[in-house]
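Per our numbering, residue 162 is the first one in the sequence shown, and the count goes up by one each step.
The beta carbon of each residue, even a glycine, is placed where N, CA and C say it ideally should be.
What follows is a single structure, written as structure tokens, with notes after it.
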Amino acid sequence: MRFLAILLVFSTCYAIGIAQERTLIKRTFDDAGGWFTGETSDGNCTVEAEDGVLRYEETDDNGFRYFSESVPLDAWRNWSIKMRIRQVGGEEKHAYGIAFNAEDVQNIYHFIIRDDGRARIGRMKEGTYEDVDEWTTAKNVNPQGEWNVLEVRKENDAISGYVNGKAIVTMTASYFRVFGSKQGVIYYGAQTVELDDIEIKQWEPKPVRPVSGVDPNVKPVSLGTQLNSTADESVDCISSDGSVLYFSRKDHDGNVTKDKRDSWVTTKTSGGSWSTPKNLGAPINNEGNNFAIAVTQDLNTLFLQGTYESDGSMGKGVSYSTRTKDGWSAPVNMPIDDYENLNAYVNSHMSPDGSVLVTSIQTGESIGSNDLYVCFRQANNTWSKPKNLGPVINTQGVEMGPFVAGDGKTMFFSSTGHPGYGGRDLYVTRRLDDTWLNWSEPENLGNGVNSDEHETFIQVPSRGDSAYYSSTKNSLGQDDIISIPLPSGARPIALLMVRGRVLDAETKKPLTANVFYEALPSGKLVGTATSSAVDGTYRVGLVNGTLYGVRAEADGYYALSEQFDARSLGTYVEADRDLYLTPIKMNVAIRLNNVFFDVGKYDLRAESYPELDRLVEFLQKNATIRIALAGHTDNVGADADNMKLSQDRINSVQTYVIAKGIDASRLTAKGFGETKPTASNETDEGRQQNRRVEFTIVSK
């Protein structure tokens, strides 16, 4: 036996109503039901119908044999082929399962399992065997002698192989031509297989659910040969301002290992074009598959898929590298607790604040093949055990390429299982709570973005009006990098993008500092960044709807804060603001920027508390320091009124600090009214600078 087939032909007419599931055939084999019985022509197989099963006894240990019935399945409809089958004799390594969409022994698809717990989808094409997917672990395969329920199920553009109700492997329907209409049973090698029943159903797919604002006149634009080649180019991550793009290449001559994936970078020029890409080189790229999954808003930390092991291999989890004056540091590993991935592929993305990881993996809990899971960053810089995002997001197909937008709520991803236009389509969803497990119904980005081929790995800069992604449609080779304006309904919540430098207030030299941004008045930490070790630059994105305090901290300096109001943004806004750090030394005035009062009043506003709490903490850590508090006003109003107001306000600050446990003998409070301006009172900006609260260290 090399390739042998038995075909049964039934002339049947099927009428399918809209959204109606119809059973096309159901064979229970109380008798043969028209299926072949007896001895095959080569004498190597005997088929008997007995006790409601068809029993196949094969003696030839070479090749495969299949028995089928002609049941045409429409390529655009959803369908299912389900059978109850078991191996009762033969070696565990001999596979058996479902033959589908076959034309003849030269052209046939199969979903097969082995009793040692493996499953795969493959095909014969013009007499040559091809793997559609690699052997995948299927822990729920029942051992020899026990029944297994196998199903091949097409749902939208995903064809998945199920073992006992669990999807194990998946193929993309539109990427594989339907050979024919024959559906049935297949097995490899000498073994005995029993088939209890087979049922084939067909039904209408759900309609595509496009996001609002799809413009039919908008067309995708390739980034051209500057970035794209005959190799496989995948978008990995983009900077928040859209100026730096990290992508990976496979099968490229410039890689460390050509047939592996390397990480590359390109920057947008002042004219809007992209620079010649550069391979990141060591220590980011090695002989394995290397690609970035996120870059922080400040561009100073790059997160990478996989851990970098001491022997040069790539392990499970993620890692990060920091930018230094000499380039990227050696990656630091960030393992994932109880990590499991039954699939050969993994890709991930991080939330903008770096606290959440969304990853595409396949576990025993997956609904289909690769599902999206969420992990939370732990205090020891590892990640929690992955949690499945659930059936709103995940399908029987493949979910991959997650991207969490700058607002931390909008997520884009690619899927074959949701209704789409063919291949992998791109979708958008919104996070509904802080569990990261509840999401809005995904919406398709529309047929301007999505084609009948693969669209994957989308990235959206914080401006939110455009996207970059990878597509095989009209590509130069494999995946190419594409850009397109986003439909209005897919755009993330507006951001205030703050950028500038962290500087020494006296010397004006750049500083390397940690930058923290917090919500006011609660003081809840929202995110962190790091200023550049080269020029002190920093960048943070502040989501619409909140009042923020942003501060920089560095050893030997007092942490200064600035306030940014993002409570009512209508669109994306950029703001430039340098952060000045004052050295901690005697007789140098240090301004408390985030201390606020209502006009003409001296009661502290609630958003002042985080700033004053940091002053209290500073005094607690430096128990011998004594300070002088000073209050100042602008020149609006009478001199005497301003003097009194400044004294009343600084008294309020003093009272707050003492109430927090600082001994009254360690601080004095004096109001200076309008007598000590630091800027001109002729402008609003100058008057704002003059309205201030300061402290000076008078004794250490």
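For residue i, report the span of its beta strand (DSSP E) as first-last.
i: Y678; result: N675 to L681
i: Y217; result: V214 to E219
i: R314; result: N309 to E316
i: H793; result: R787 to H793
i: A840; result: Element bounds for A840: n/a, residue is neither H nor E.
i: R752; result: A750 to R752
i: L587; result: D586 to R591
i: A453; result: A453 to V456
i: P563; result: E560 to V565
i: G204; result: Element bounds for G204: n/a, residue is neither H nor E.
Restricting to Cα atoms, I'd like to know which of the options is closest to residue i.
i: V589; options: K421, D420, W597 and G650; result: G650
i: A750; options: A789, S683 and G213; result: A789
i: D613; options: I347, L185 and A334; result: A334
i: D514; options: L703, S434 and N317; result: L703
i: D203; options: D192, E219, T189 and L215; result: E219
i: V417; options: G473, M804, Q781 and G322; result: G473
i: S644; options: D626, L656, M658 and L637; result: D626
i: S632; options: R592, G584 and E604; result: G584
i: L441; options: T524, A263, Y534 and T427; result: T427
i: T485; options: V695, P381 and D393; result: V695
i: P563; options: V519, T184 and G832; result: V519
i: F340; options: D824, E560 and H271; result: H271
i: D191; options: L185, E211, N205 and C206; result: E211
i: K570; options: I554, M561 and W597; result: W597
i: N268; options: S434, R247, F337 and L234; result: F337
i: P366; options: N239, G288 and D393; result: N239
i: N447; options: A491, T430 and T462; result: A491
i: A840; options: R279, S434 and N851; result: N851
i: L673; options: G661, G350 and Y217; result: Note that residue 673 is Thr in the sequence shown, not Leu. Ranking the options by Cα distance to T673, first place goes to G661.
Applying the criterion that 16 or more other CB atoms from any shown protein chain within 10 Å of the CB defines a buried residue, is residue i buried or exposed?
i: V711; result: buried
i: W196; result: buried
i: G178; result: A caution first: G178 carries a pLDDT of 39, below 50, which makes its placement in the model unreliable, though a value can still be read off. Under this definition G178 is an exposed residue.
i: Q849; result: exposed
i: M747; result: exposed
i: V797; result: exposed
i: E843; result: exposed
i: A854; result: Reading off the sequence shown, one finds Val at residue 854, where the question assumed Ala. Buried: at least 16 other Cβ atoms inside 10 Å.
i: E735; result: exposed
i: L593; result: exposed
i: E182; result: exposed
i: P304; result: exposed
i: C174; result: Only weak support exists for where C174 lies, its pLDDT of 38 falling under 50; the value from the coordinates is given anyway. The residue in question, C174, is exposed, as its Cβ has fewer than 16 Cβ neighbours within 10 Å.
i: E230; result: buried
i: R738; result: exposed
i: R370; result: exposed
How is residue i classed by DSSP in three states: helix, strand or coil?
i: Q808; result: helix
i: A193; result: coil
i: K861; result: coil
i: N605; result: strand
i: S509; result: strand
i: I819; result: helix
i: Q181; result: coil
i: D487; result: coil
i: N864; result: With the chain covering 162 to 861 only, the question about residue 864 has no answer from this structure.
i: S826; result: helix
i: Q850; result: helix
i: D845; result: helix
i: S434; result: coil
i: V814; result: helix
i: Y336; result: helix
i: A443; result: coil
i: G650; result: helix
i: A767; result: helix
i: S116; result: This structure cannot settle anything about residue 116, because the visible part of the chain is limited to 162 through 861.
i: Y270; result: strand
i: F833; result: coil
i: N450; result: coil
i: F757; result: coil
Which residues bound the alpha helix (DSSP H) around residue i?
i: Y770; result: Y770 to K782
i: R538; result: Where R538 is concerned, there is no enclosing alpha helix (DSSP H), given that its DSSP letter is neither H nor E.
i: D665; result: Not the alpha helix (DSSP H): D665 falls in the beta strand (DSSP E), residues L656 to D665.
- Task: Jot down the residue ranges of each uninterrupted beta strand (DSSP E) in the segment 679 to 747, minimum 3 residues, whole runs only, in chain order.
- Result: 686 to 691, 698 to 704, 707 to 714, 721 to 727, 734 to 737 and 740 to 744
- Message: Going residue by residue through the segment 371 to 406, where are the continuous alpha helix (DSSP H) segments of at least 4 residues, counting only ones entirely within it?
- Response: none
- Query: Counting only runs that start and end within the segment 220 to 245, where is the beta strand (DSSP E) found for 3 or more residues in a row?
  - Reply: 225 to 231
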